[in-house]
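Enquirer:
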């Protein structure tokens, strides 16, 4: 029987790093205000192009957070107060994005389009943090389900051991399986507790405590420095994508 962690290491690394990376991107690049000589027609076309891209990004963020809230409503692993706080945070960001979308309808000039695009870009970290926390909470629910399945497996194997013993059959292999399942249960229970504590710290904005808990989770998952180093390629790509987030500088 293969004893692997039921937590997807790559998934939790990506999600947790997304939270911290987005929070620490304090030098997040805004929209360049460099201007070049344009004809009236070129400026109008540029403004329309920027508006189109901005509107699409606004709707993408709104839909992401609406989906996150629908998923959060079904989450059973989080304290109700904590879950409601996350839902309200997402709703607040959605409301801000809705207001932002209304402003876009009144934009007529390239300068105004640039200004609004820069405003949206500066709000990226807030949106990304909310989306990442929502994803981590739904992942936590998945692990609770996995724990339930393991618990049932332990009961089933225990029954098989009793039946085999009553029939005078060998129980060595079954006992080994049960031991492995129980070890996995111990591990996943500890990890779930740590991720729950991590979620509470993140929602309350205590990033110092969250980082300490994060290191504990890495230890529990067996995520070593070498594994983190191996993940740097994907992480660097993710950070680059996050850092440019909604890059409207190209061709500006």
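Residue numbers (the working numbering): 168 to 419. Note that beta-carbon positions come from the ideal geometry of N, C-alpha and C, so glycine has one too.
Pull up the distance between the alpha-carbon of residue 233 and that of residue 304, whole angstroms please.
Expert: Rounded to whole angstroms, residue 233 to residue 304 spans 15 Å at the Cα level.
Enquirer: Under DSSP, the alpha helix (DSSP H) around residue 286 begins and ends at which residues?
Expert: Start and end: 277-289.
Enquirer: Just the C-alpha distance for residue 249 and residue 375, rounded to the nearest angstrom, thanks.
Expert: Their Cα atoms are separated by approximately 19 Å.
Enquirer: Within 10 angstroms of the Cβ of residue 343, are there 16 or more other Cβ atoms? Answer buried if so, exposed if not.
Expert: Flag for residue 343 reads exposed.
Enquirer: Answer yes or no: do residue 351 and residue 317 have a C-beta to C-beta separation smaller than 9 Å?
Expert: Yes.
Enquirer: What are the boundary residues of the alpha helix (DSSP H) that includes residue 154?
Expert: The structure shown does not extend to residue 154, since the chain spans only 168 to 419, so no value can be given for it.
Enquirer: Quick test of your reading: residue 254 and residue 264, contact by CB under 8 Å. State the CB separation rounded to the nearest angstrom.
Expert: About 16 Å; that fails the 8 Å criterion.
Enquirer: How big is the Cα-Cα spacing for residue 354 and residue 348?
Expert: Each residue's Cα considered, the two are about 10 Å apart.
Enquirer: When the Cβ atoms of the segment 204-221 are set against those of the segment 269-282, are three or more pairs found closer than 8 Å?
Expert: Segments in contact, yes.
Enquirer: What are the complete alpha helix (DSSP H) segments, minimum 4 residues, inside the segment 219-283?
Expert: Runs found: 247-271.
Enquirer: Does the Cβ of residue 262 have 16 or more other Cβ atoms within 10 Å, making it buried, or fewer, making it exposed?
Expert: So residue 262 ends up on the exposed side.
Enquirer: Measuring alpha carbon to alpha carbon, tell me which residue in 243, 267, 214 and 251 is nearest residue 229.
Expert: Taking only the C-alpha atoms, the option nearest residue 229 is 267.
Enquirer: Suppose the cutoff is 7 Å on Cβ atoms and the five residues either side in sequence are ignored; what does the same chain contact list for residue 325 look like?
Expert: 345, listed in sequence order.
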